[in-house]
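Encoded as structure tokens, the structure appears first; notes follow it.
There are 2 protein chains.
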Amino acid sequence: MKTDTVYKQALNQTLALLAQGAYQERLPSENELRRRLGVSRTTIRKVLQELTHRSIITGAGRVRINGRGVDDSDYFPDVETTSKMQQVERQFMEWMLLGDTAPGTLINELELARQFGVATNGIREFLIHFSRFGLIEKRPNSGWLFKGFTREFALELFEIRVMFELRSARLFAQLPESSPLFKKLRALSKLHRDLLEGIETRYHDFSGLDNQFHRLVNEVSPNRFIDDFYDVISFIFHYHYQWNKKDELQRNRAAVLEHLVYIDALLSRNSDRIEEACRDHLKSAKQTLIQSIMGAE
Amino acid sequence: MKTDTVYKQALNQTLALLAQGAYQERLPSENELRRRLGVSRTTIRKVLQELTHRSIITGAGRVRINGRGVDDSDYFPDVETTSKMQQVERQFMEWMLLGDTAPGTLINELELARQFGVATNGIREFLIHFSRFGLIEKRPNSGWLFKGFTREFALELFEIRVMFELRSARLFAQLPESSPLFKKLRALSKLHRDLLEGIETRYHDFSGLDNQFHRLVNEVSPNRFIDDFYDVISFIFHYHYQWNKKDELQRNRAAVLEHLVYIDALLSRNSDRIEEACRDHLKSAKQTLIQSIMGAE
DNA sequence: AAGTTGTTTTTTATCGATAATAATTCAGAT
DNA sequence: ATCTGAATTATTATCGATAAAAAACAACTT
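Chains as they are written, first to last, in my numbering: chain A, 267 to 563; chain B, 267 to 563.
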């Protein structure tokens, strides 16, 4: 049966809205809330019913108002708000990256299913999806082969990444001055400078900014295959850096500085400068990844 | 429950081997056959048992010999030798390419499952896998969106294809004369010339050769992401051309000629010639695809 | 008439079960 | 040393069922 994580998460979000005083007098309509939380009205109604039941809100029908205040203990714990699929994803990445799983290991659906506490179907669906990341390969009627999170993987990944990013960066140089992308770029530059000031404490905010920046560069001329490839990169980096905290501050500071040079180059619309900044940045990103892969071995 | 398509296909293949007289006197060992057909010994034994039962082979143990000749009616029909997954794939492609499915159509797992006569799970697994081809997109807790087999799709596909192929072609120019790839390339050139001679009747053999050629070019420096992308291309072309026979002879003759120019260029190891031939060929391949997409609309 | 809530229908996410296939084992034969 | 026989065990490919969530429909309010 389906888990009710969508409902629980929606309830938590609603609580957060109430707690921060978003709705003083009356709650908005069900449709309004639905749009805000990105779930169906069915779910919203379930949430409202529960909140009413708990007296967190009172009234009914069109007139629902804040009831007793929200307490920390009202929230559902985080575990209950992540779907099975997300849990499987996380556990698999742990198994792979933290478990020192050797290249060449055969993956057994049944075993993983037992280990992760889900039906084999869930594992299967995850593996099929995950196979796009180039780390596993299916053997029909047999299992899956783990090819290894290796140096070769990183090299192949970056070869493509450089091709794609240079392509977009070059197109950037040809953009008319009036393009809205430049405005976005300047906004992003500001965010980078802000981060740099508070880097000592906020250094882990970098990965979000990194993603935003590289995706912005690709907006110059959207291509679904490039976008997909960036999904691979985000995914890999998301998990990899989550568990590789070594030198994070220093690494991220350096990367922010590189981004700023790169952004300035893009704003200058000078192809040579752009190309140089792009290559420089990707070169050090590549080294960082490779070092951390090698370090882990 | 699992279908027994593996067994049936293995049996058919064994029959084919017997029919073409591969084993005059004695059949090879079970292990030998196993390797040859790429299935487990369990399956081979089941096949041998059945063949013995049907008197197509006689004897037992180490001495199994040809029995009565193989008859056409001995073979299992093709439908019974394709797994559910393959059937779903084919039916889905038909639905998409032949059914004039409009961009923006929402895909309903349950409906497809009923239509194709499989469990929803099978549809789901197929769609997850298929989403890598950039034609559909998942909406969590809701269905899938069909983005359309459109001109944009073709343009985006070819932008990447050109990047990848030029990259490989350029690396080819730097290969030492002694590289084994040149030998393979000469062999492929021969196959092209042979095909050209019998093109009037064998023109549909081109697609296999096309695939072989482009994969050979990428062998110069293997990259899993490029390989994956070529899977996308092969898949699309496989189905697309299967149902778009218009001008096939003429189109394929032209493509073979282009390949020959391209191969000669690669053999010459002259970067300029290579680049030109590569661009020319991809340009016309792109036009062909786009025309046939537009023609269908 | 547009927007809101109440109710019903449809669809997805997830589980568990089963036949076919693969993998493993071991003893005896050539 | 490799092959078959035979039996056992393990794993995958497939089906069907069910609660949660989404979507569609209907009835009501202002």
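Built from N, CA and C at the ideal position, the CB exists for glycine as well. Model, not experiment: these values are computed from the prediction.
For B:Asn-332, write down the residues that DSSP places opposite it in a beta bridge. B:Ile-323
What residues are listed by DSSP as bridge partners for A:Glu-431? Note: A:Glu-431 sits in no beta bridge, so no partner.
7 Å is my cut-off, CB to CB: does B:Phe-358 come that close to chain A? no
Less than 7 Å separating the beta-carbons of B:Val-522 and B:Leu-462? yes
Using Cβ-Cβ distances below 9 Å, what residues of the region 423 to 441 of chain A are close to chain B? Leu-423, Glu-425, Ile-426, Met-429, Phe-430 and Arg-433
Since A:Gly-388 and A:Met-351 are thought to touch, with beta carbons under 8 Å apart, how far apart are those beta carbons, to the nearest angstrom? 7 Å
By the DSSP assignment, the alpha helix (DSSP H) with B:Glu-403 in it spans what residues? Premise fails: B:Glu-403 lies in the beta strand (DSSP E), 402 to 404, not in any alpha helix (DSSP H).
So the candidates are A:His-470, A:Leu-293 and A:Glu-316; which of them puts its Cα closest to the Cα of A:Lys-274? A:Glu-316
B:His-504 burial status per 10 Å Cβ neighbour count (16 or more: buried): exposed
Please report the distance separating the alpha-carbon of A:Tyr-528 from that of B:Ser-444. 42 Å
Assuming contact is defined by CB atoms lying nearer than 7 Å, are A:Arg-519 and A:Ile-556 in contact in what I supplied? no
Go through its chain and collect everything with a Cβ distance to A:Asp-337's Cβ below 7 Å, but skip five positions before and after it. none
Contacts of B:Gly-400 in chain A (Cβ-Cβ under 8 Å): Arg-490, Phe-491 and Asp-494
Within chain B, the residues that A:Ile-394 reaches when beta carbons sit closer than 8 Å: Glu-391, Ile-394 and His-395
Residues bridged to A:Trp-410 (per DSSP): A:Ile-373 and A:Lys-404
What is the DSSP secondary structure of A:Arg-535, counted as helix, strand or coil? coil
Give, in chain order, every unbroken run of the alpha helix (DSSP H) that is at least 4 residues long and sits entirely within the region 423 to 503 of chain A. 446 to 463, 465 to 468 and 472 to 484
Among residues of its own chain, excluding the 5 on either side of B:Leu-454, which ones have a beta-carbon nearer than 8 Å to its beta-carbon? Leu-475, Gln-478, Phe-479, Leu-482 and Ile-529
Identify the residues that DSSP records as bridge partners of A:Arg-380: which are they? Per DSSP, none; premise fails for A:Arg-380.
Taking C-alpha atoms, which residue in B:Thr-416, B:Ala-420, B:Ser-487 and B:Arg-452 lies nearest to B:Asp-366? B:Thr-416
Give me the Cα-Cα distance between A:Val-345 and B:Tyr-469, rounded to the nearest whole angstrom. 59 Å
Does the structure place the region 485 to 492 of chain B close enough to the region 416 to 430 of chain A that three or more beta carbon pairs sit under 8 Å? yes
I'd like to know if the region 403 to 410 of chain A and the region 536 to 552 of chain A are in contact, where contact means that at least 3 CB-CB pairs between them fall below 8 Å. no
Spatial distance of A:Ser-349 from B:Gly-333 (CA atoms): 58 Å
Indicate whether B:Glu-298 and B:Ile-310 have their beta-carbon atoms separated by less than 7 Å. no
Beta-carbon contacts of A:Glu-355 that lie in its chain and below 7 Å, excluding the five residues immediately before and after: Phe-392
If you measure between the beta carbons of B:Ala-420 and B:Ile-331, is that distance less than 7 Å? no
Work out the CA separation of A:Asp-270 and A:Thr-554 for me, nearest whole Å. 40 Å
What do you reckon, are the CB atoms on A:Tyr-507 and A:Ser-550 nearer than 7 Å? no
Give the range of the alpha helix (DSSP H) segment to which A:Leu-283 is assigned. 271 to 285
Going along chain B, which residues have a C-beta under 8 Å from A:Val-272? Asn-407
Closest to A:Ile-499 by CA distance: which of A:Ile-402, A:Arg-398, A:Ile-323 and A:Val-486 is it? A:Arg-398
Within its chain, find whatever has a CB closer than 7 Å to the CB of B:Arg-517; leave out the 5 residues flanking it on each side and keep chain order. Thr-554
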